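In this note's numbering, the protein residues as written are 78 to 223. Where is the CB? At the ideal position from N, CA and C, for every residue including glycine. As the structure is a computational prediction, the values presented were derived from the model and not from experiment. What follows is one structure encoded as structure tokens, with my remarks underneath.
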């Protein structure tokens with residue numbers, strides 16, 4: 078059996094999603110953390126969303142890229158069924174991102190994502206450091222509070 082994540086001194090990474098633990102981030106969504114870079118602020122996630130899962134309104138402070146492996150992501154820009162690649166530019170805002178069916182995707186993020194309350198106030202800032210803290214069990218993440 079392989080280790081969940083294998084790295085080399087040069088920076089190579091092999092992450093086996095079948096060996097990684099799920100990180101519950103609320104609202105019916107779980108992450109498997111593939112990579113976190115404290116120097117660049119980049120992060121890579123394998124994302125699983127249960128039917129009905131959603132993210133609260135948010136703004137990307139850095140770019141985001143995703144590839145839908147199964148299911149369908151529905152958000153402001155349109156629908157992204159399995160096989161869809163998406164790019165989210167700096168300062169892209171999304172008031173609604175959800176799924177109706179079980180959905181899995183690869184998500185590559187850079188920098189922070191700011192989440193907002195229904196009143197438009199800043200609720201939470203998600204970035205490489207908050208992700209690392211959550212992965213280490215130091216601080217929970219809830220990207221879709223009730």
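Practice task
Kindly indicate which residue of 121, 145, 149 and 153 has the alpha-carbon position closest to the one of residue 136.
Solution key: Taking the chain shown and counting its residues from 1, one reaches residue 136 at position 59. When only C-alpha atoms are compared, the closest one is 153.
Handout entry: Nonlocal neighbours in the same chain, by C-beta distance under 8 Å from residue 86, ignoring five residues either side
Key = What you label residue 86 is simply residue 9 of the chain shown in a count that begins at 1. Counting only Cβ-Cβ distances below 8 Å, and skipping sequence neighbours, we find nothing.
Practice task
Provide the residue(s) that pair with residue 170 in DSSP beta bridges, ordered along the chain.
Solution key: For this step, residue 170 is matched to residue 93 along the chain shown. According to DSSP, which records beta bridges pairwise, residue 170 is partnered with 136.
Practice task
Can you have a look at residue 141 and say buried or exposed, based on whether 16 or more other CB atoms are within 10 angstroms of its CB?
Solution key: The residue you call residue 141 lines up with position 64 of the chain shown. Burial call: buried.
Practice task
Would you mind working out which of 100, 106 and 197 sits nearest residue 178, comparing C-alpha positions?
Solution key: Here residue 178 refers to the residue found at position 101 when the chain shown is read from its first residue. Checking every option, the nearest Cα to that of residue 178 belongs to 106.
Exercise for the section: Would you decide whether residue 162 is buried or exposed? Buried here means 16 or more other CB atoms lie within 10 Å of its CB. Expected result: Residue 162 sits at position 85 when you count from the first residue of the chain shown. Exposed, since its Cβ has fewer than 16 Cβ neighbours within 10 Å.
Exercise for the section: Return the chain-ordered list of same chain residues with a C-beta closer than 6 Å to the C-beta of residue 125, the five sequence neighbours on each side being excluded. Expected result: Locating residue 125 in the chain shown gives position 48, counting from the first residue. Closer than 6 Å at the Cβ level, and outside the excluded window around residue 125, lie 107 and 181.
Problem - Enclosing alpha helix (DSSP H) for residue 208 [first to last residue] - result: For this step, residue 208 is matched to residue 131 along the chain shown. It spans 205-212 - the alpha helix (DSSP H) in which residue 208 sits, taken as one unbroken run.
Exercise for the section: Pull up the distance between the alpha-carbon of residue 168 and that of residue 139, whole angstroms please. Expected result: The residue labelled residue 168 in the question sits at position 91 within the chain shown. The residue labelled residue 139 in the question sits at position 62 within the chain shown. Residue 168 and residue 139 have their C-alpha atoms spaced approximately 7 Å apart.
Practice task
State the beta-bridge partners of residue 165 as determined by DSSP.
Solution key: For this step, residue 165 is matched to residue 88 along the chain shown. Residue 165 is bridged to 141.
Problem - Pick from 102, 166 and 157 that is closest to residue 203, judged by C-alpha positions - result: As a position in the chain shown, residue 203 is number 126, starting the count at 1. Comparing Cα positions, the closest option is 102.
Practice task
Go ahead and label residue 91 buried or exposed: buried means 16 or more other beta carbons lie within 10 angstroms of its beta carbon, across all protein chains shown.
Solution key: Counting from one through the chain shown, the residue named residue 91 turns up at place 14. Classification for residue 91: exposed.
Practice task
Please state whether DSSP places residue 115 in a helix, a strand or coil.
Solution key: Translated into the one-based positions of the chain shown, residue 115 becomes position 38. Reduced to three states, the DSSP call for residue 115 is coil.
Handout entry: Delimiting residues of the beta strand (DSSP E) encompassing residue 155
Key = The residue you call residue 155 lines up with position 78 of the chain shown. 155-158 is the span of the beta strand (DSSP E), which, as asked, contains residue 155.
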